[in-house]
Every structure is written in C-alpha cells, then in structure tokens.
Ligand SMILES: Cc1cc2nc3c(=O)[nH]c(=O)nc-3n(C[C@H](O)[C@H](O)[C@H](O)COP(=O)(O)O)c2cc1C
C-alpha cells in the first residue's frame with residue numbers, strides 16, 4: 033500500500049465548521065480535583081478491558097481530561113482554528129470528533145470539547161444503538177458500555193495539508209492512546225475497537241465526502257478480567 037507523504041499546503045483550502053443537526057445540548061459539569069494516582073502506576077497498569085455498565089457522567093469526565101480543549105486560538109496553521117488538549121493533533125487542528133453512543137438506545141452525543149457539553153444529534157436512536165451493538169460485538173464479543181466513535185473531519189485536515197490521509201489516522205491513534213491512559217487513571221475500563229466505522233456515518237447524518245470513521249473505543253466501568 034502506498035502512503036503519500038503529507039505536506040503543508042502553500043495555499044490552504046477554505047474550511048468552515050460543519051453544522052451538526054443538534055436536537056439539544058447537555059451542559060456537563062467540569063470534573064473536580066484530578067485523581068492522585070501517579071503516572072508511573074497508570075502506565076504500569078493500563079490494559080484493554082471491558083467492565084460493568086457505566087454512567088455517562090463518568091464518560092464525560094474521561095472525555096474532559098483526555099480530549100477537552102484546555103486552550104484554543106482562532107487562527108493557526110493555514111489560518112484555521114487550533115486548539116490544545118492532552119491529545120496531540122496534526123497542526124493543532126483537532127480534526128477528530130467524538131460521538132458517544134450509549135448502550136441504552138438514547139441519543140448519540142457529539143462531545144463538544146470547548147464547552148464540555150454533549151450535543152444530542154438528531155438520529156434514529158434505536159437504529160444507531162443496534163448498528164453500534166452489532167459492530168462492537170463483532171470485534172470484542174462483548175457490548176456492555178458506551179462506545180466512543182472517532183470521526184475524522186477530512187475537509188479540515190485536507191485544508192491545511194496535501195496527502196492528509198495518514199495524519200487523520202495518526203491523530204485518531206493519539207486520541208485512542210490518551211483516552212485509554214486516562215481511563216486507566218480514572219479507574220475505568222477501555223478497549224480499542226478495530227473497525228473504522230464508516231457504516232455509522234449515514235445513520236448519524238454525517239456526509240461521507242467530508243467525514244471518515246477512524247475507529248472507536250468501548251468505555252465501561254471498573255475493570256474486570258477478560
Ligand atoms: C488500533 C487497535 C485496535 C484494536 N482493536 C481491538 C478490537 O477490535 N477488539 C479487541 O478486543 N481489542 C482490540 N484492541 C486491543 C488489543 O487487542 C490490545 O491492545 C492488545 O491485545 C494488547 O493488550 P493491552 O491493551 O491490554 O496491553 C485494539 C488495539 C488497537 C491499538
């Protein structure tokens with residue numbers, strides 16, 4: 033397989049934020065003081081695991097630590113908005129969106145990393161949940177928990193780079209690793225999911241010419257052995 037070398041564009045392409053079809057916004061509470069576990073302990077203990085069902089408030093806390101924007105600026109590389117979080121990203125563009133799919137047929141939620149909020153997307157919630165269960169089951173044999181779908185904004189990264197394909201996948205890997213480490217730190221279970229997940233895009237009314245499924249992570253409660 034030929035992977036083309038990414039290059040910053042001399043003349044960036046135009047980019048505008050996508051107008052997601054949001055039914056309502058759930059404002060989340062910023063987490064309190066962080067866990068005092070040492071980093072040495074976290075990197076010693078992190079494993080891919082599936083645990084008990086989990087409350088969405090704990091998933092939100094995890095998202096804030098791992099991908100919440102701790103700072104942002106209106107214009108960076110290529111004149112595009114940039115942001116910084118615990119997850120590094122190509123050009124600071126933060127081109128990976130995270131859609132959280134709970135296991136209870138409630139609405140899929142796009143995480144808003146600026147305002148720490150869940151944006152409830154208009155969708156057939158039951159179909160989304162069924163398709164998600166099928167996909168998670170096919171790669172883990174399990175399904176309890178909440179699925180985080182990583183969805184790359186190809187138009188954003190392509191506005192700044194030529195041959196941006198591998199950057200999107202590497203950004204997804206950075207998000208995946210950061211979420212898994214933070215989950216361990218917070219005493220939660222995390223299991224990376226091997227699919228890319230493009231089949232979910234039409235169910236979330238996300239245009240395939242702009243967005244790309246770049247994997248997922250199953251988040252569940254306290255660890256138990258697999
Ligand atoms: C990109 C990626 C995809 C993965 N996909 C799956 C998967 O679909 N199902 C699964 O059970 N584990 C999956 N895993 C977890 C690996 O099996 C696991 O990381 C590996 O066995 C090492 O175990 P550890 O994470 O506990 O150290 C994936 C890991 C990565 C990095």
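Numbering (the numbering used here), first residue to last: 33 to 258.
By construction, the Cβ of each residue, glycine as well, lies at the ideal position given by its N, Cα and C atoms.
Because the structure is a prediction, the values reported are computed rather than measured.
Give every residue of the same chain whose Cβ lies closer than 6 Å to the Cβ of residue i, excluding the five residues on either side of it in the sequence, and list them in chain order.
i	result
residue 185	127
residue 35	198
residue 123	109, 192
residue 46	none
residue 95	143
Bridge partners for residue i per DSSP, in chain order?
i	result
residue 163	Answer by DSSP bridge pairing: none, since residue 163 is not bridged.
residue 198	DSSP lists no partner for residue 198.
residue 181	131, 248
residue 58	150
residue 141	132, 152
residue 176	DSSP lists no partner for residue 176.
residue 243	185
Tell me which residues share the same chain as residue i and place their Cβ nearer than 8 Å to its Cβ, disregarding the 5 neighbours each side in the sequence.
i	result
residue 208	182, 224, 247, 249
residue 231	163, 167, 245
According to DSSP, simplified to helix, strand and coil, what is residue i?
i	result
residue 71	helix
residue 206	helix
residue 169	helix
residue 254	coil
residue 234	helix
Write down the C-beta distance between residue i and residue j rounded to the nearest angstrom, noting that I regard them as a contact closer than 8 Å.
i	j	result
residue 102	residue 117	6 Å
residue 227	residue 160	Not really, about 15 Å apart at Cβ, beyond 8 Å.
Less than 7 Å between C-beta atoms, sequence neighbours within five positions excluded: which residues of the same chain meet that for residue i?
i	result
residue 258	Note that residue 258 has pLDDT 46, beneath the 50 cutoff, so the model's placement of it is unreliable and no number is given.
residue 201	246
| field | Runs of alpha helix (DSSP H) wholly within the region 77-134 (minimum 4 residues, chain order) | value | DSSP runs (the alpha helix (DSSP H)) wholly in the region 77-134: 88-99.
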